[in-house]
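This report refers to the structure that appears directly beneath it.
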Amino acid sequence: MRKTLLLTLIILVITGLIVGYVFLKKSAELTPITPADTELSIQDVILEDPLAPIEQSPTDPLQLITNDSVAGYWINSLDNQVYYATTDGSIKRTGATIDTAQTITSTKVLGSVREVVPTTRGEAALIISGTQQAPDFKIYDVEHQTWRALPSGTAAAAWGPTDDPLEIVYLKSEVEKTGLVTTSLNIYNHVKGSSRFVDQLELIDVRLTWPTTNLIYISNLPDVTAQPVWAYDLKKKTFREIVAPKAGLWMRWFGGGVGLGFDLTTGLYRLSPEATPSQWLPINTTPDKCLISDSSAYCAATEGIALNSARSLENYLLQRNSYSDDITKINEAGESLIVFSSKEKGVSFDITNLSKHDDSLYFINRYDQRLYSLALRSN
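All residue numbers for the sequence shown refer to numbering that gives the first Met the number 0, where the first residue is 0 and numbers rise by one.
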């Protein structure tokens, strides 16, 4: 009898432990996680259906240009055509709507295309493929539909500030016979098809920008740690730090010495040609989601986003989060106007590669990798 009672008691205890465990597990699954609990923000919320089909009519300001998966694009101002590189490496030409005939201009095998950097006028584009550790840089000439490759070992490159001469500055690494790795700064003349040596610089994992005639800016890839910006003076052949290290420092230039900067302390701001902040912008986003045109800034951002901590910036850089971007126009006086709202379309857009041509904006939606145009209404 005692053995029976003892066995019954043991079974009841075990059953109670199991039920308690299941109850606690379910409670944990149903307990909402708030931003205060985890320092997360709206950008960490997964949106229900970012790839829902988009309804559009010929009169809709928003137009889907192609169903291809687009790695990058540019507008050739000489023929007003849209050129784009697909993720598998084809180059195509099209108009501003999906109904326009699309012409394949090149099927060169490039591998996985990571970035497309056009000239100011769009007569050529730098196509970057391969991996971050072993990138491949090729130049596509639109008029002649020809290709030229930058030298093997090129780690970073950027177009010059003018279209005449049409030049590219590039950083090249070489392994000497002794096993020592050397890095040189060089300039490639696209018309002549030749390069000239500029200087020996010990740099790795950097970005190059050539915004003004004599100055080349050198910065690290965007990161949550404090990073500086350097300038190389082509005339004086000097190398100096022009921006002190800042956490999350990020700069982007748009020609004519006009640029945007970002850091975790200040947020987003306009840059002078000397890379100094000239005006804070009242929008929480990063330079890669913006452009400057006719003195106005156009920026894509999700309402409620908070890129003011190392964690939130890291999540953005690693594409861990979902977004529903609006596009805001900010004039020189700092006045803001929303020119596109994702909510109105009922579809989520993570807008990248924003550009402007005539009276339209162009961008890629990261969710479907498709290219869109947005006709701007006169204000």
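For every residue, glycine included, the Cβ atom is placed at its ideal position computed from N, Cα and C. Everything numeric in this text was worked out from a predicted model, so none of it was measured.
| said: Taking 7 Å as the threshold (C-beta atoms), are Trp158 and Thr118 in contact? | reply: yes
| What does DSSP give as the partner residues of Asp324 in its beta bridges? | Thr301
| task | Rounded to whole angstroms, what's the CA-CA distance from Asp163 to His189? Just pull it up for me. | result | 10 Å
| field | Residue nearest to Phe261 in terms of C-alpha spacing, selected from Gln144, Asp222, Gly255 | value | Asp222
| query | Going along the chain, which residues of its own chain have a beta-carbon closer than 8 Å to the beta-carbon of Ala35, five neighbours each way excluded? | reply | The predicted position of Ala35 is uncertain, since its pLDDT is 32 and thus under 50; no value can be drawn from it.
| Looking at the structure shown, is Pro244 part of a helix, part of a strand, or coil, going by DSSP? | strand
| When burial is assigned at 16 or more other CB atoms within 10 Å of the CB, is Leu220 buried or exposed? | exposed
| From which residue to which residue does the alpha helix (DSSP H) around Ala309 run? | 309-316
| message | Here's the rule: buried if 16 or more other CB atoms are within 10 angstroms of the residue's CB, otherwise exposed. What is Trp279? | response | exposed
| query | Within the 7 Å Cβ cut-off, does Lys235 reach chain C? | reply | The structure shown contains no chain C; it is built from a single protein chain.
| request: Compare the Cα-Cα distances from Tyr371 to each of Asp59, Ile64, Asp293 and report the closest residue. | output: Ile64
| task | Please list the segments of the beta strand (DSSP E) lying wholly inside the stretch 191-230, counting only runs of 3 or more residues, in order along the chain. | result | 193-199, 205-208, 214-219
| task | My understanding is that Ile103 touches Lys91, with C-beta atoms under 8 Å, so please give their C-beta distance in whole angstroms. | result | 5 Å
| task | Name the two residues that bound the continuous beta strand (DSSP E) containing Lys107. | result | Note, Lys107: premise wrong, no beta strand (DSSP E); not H, not E.
| query | At what residue ranges does the stretch 322-360 contain a whole run of the alpha helix (DSSP H), taking only runs of 4 or more? | reply | 341-344
| message | Assuming contact is defined by CB atoms lying nearer than 7 Å, are Ala155 and Arg206 in contact in what I supplied? | response | yes
| query | Counting Cβ pairs closer than 8 Å, one from the stretch 284-296 and one from the stretch 194-208, do we hit at least three? | reply | no
| message | Suppose only complete runs of 3+ residues qualify. What are the beta strand (DSSP E) ranges in the stretch 107-142, listed by chain order? | response | 112-117, 123-129, 134-140
| query | Between the C-alpha atoms of Ala274 and Ala230, what's the straight-line distance to the nearest angstrom? | reply | 10 Å
| task | Any chance you could list the beta strand (DSSP E) runs of at least 3 consecutive residues sitting entirely within the stretch 61-97, in chain order? | result | 61-63, 69-75, 80-85, 90-93
| Backbone secondary structure at Pro164 - three-state DSSP | coil
| said: For Pro134, which residues in the same chain have their Cβ closer than 6 Å to its Cβ, ignoring the five residues on either side in sequence? | reply: Ile127
| query | Which residues in the same chain have their Cβ closer than 7 Å to the Cβ of Glu142, if we skip the five residues on either side of it in sequence? | reply | Glu122
| query | Are the CB atoms of Ser380 and Asn185 nearer to each other than 7 Å? | reply | The chain is shown from 0 up to 378; residue 380 falls before or after that span and cannot be answered.
| Candidates Leu375, Asp357, Arg365: which alpha carbon is nearest Leu77's? | Asp357
| task | Using only alpha-carbon positions, find the residue among Asn66, Phe196, Lys235 that is nearest to Thr93. | result | Asn66
| field | Residue of Gly254, Leu233, Leu306, Trp249 minimising C-alpha distance to Arg120 | value | Gly254
| query | At what residues does the beta strand (DSSP E) containing Thr269 begin and finish? | reply | Thr is not the amino acid found at residue 269; the sequence shown has Arg there. 266-270 is the extent of the beta strand (DSSP E) around Arg269.
| According to DSSP, is Lys288 helix, strand or coil? | helix
| said: Can you check which of these residues, Glu240, Thr161, Ala225, is closest to Pro210 by C-alpha distance? | reply: Thr161
| field | Which of helix, strand or coil DSSP assigns to Arg147 | value | strand
| task | Under 8 Å Cβ to Cβ from Phe136, same chain only, skipping five residues before and after it: list those, please. | result | Leu125, Ile126, Ile127, Ala148, Leu149, Thr153, Ala156, Tyr169
| message | Tell me which residues share the same chain as Ser401 and place their Cβ nearer than 6 Å to its Cβ, disregarding the 5 neighbours each side in the sequence. | response | Missing from the structure shown is residue 401; the chain here goes from 0 to 378 and no further.
| query | CB Val69 to CB Tyr82, shorter than 7 Å? | reply | no
| query | Of the choices Gly129, Gly333, Gln131, whose alpha-carbon is the least far from that of Tyr297? | reply | Gly333
| request: Buried or exposed for Thr301, please, with buried defined as at least 16 other CB atoms from any protein chain shown within 10 angstroms of its CB. | output: buried
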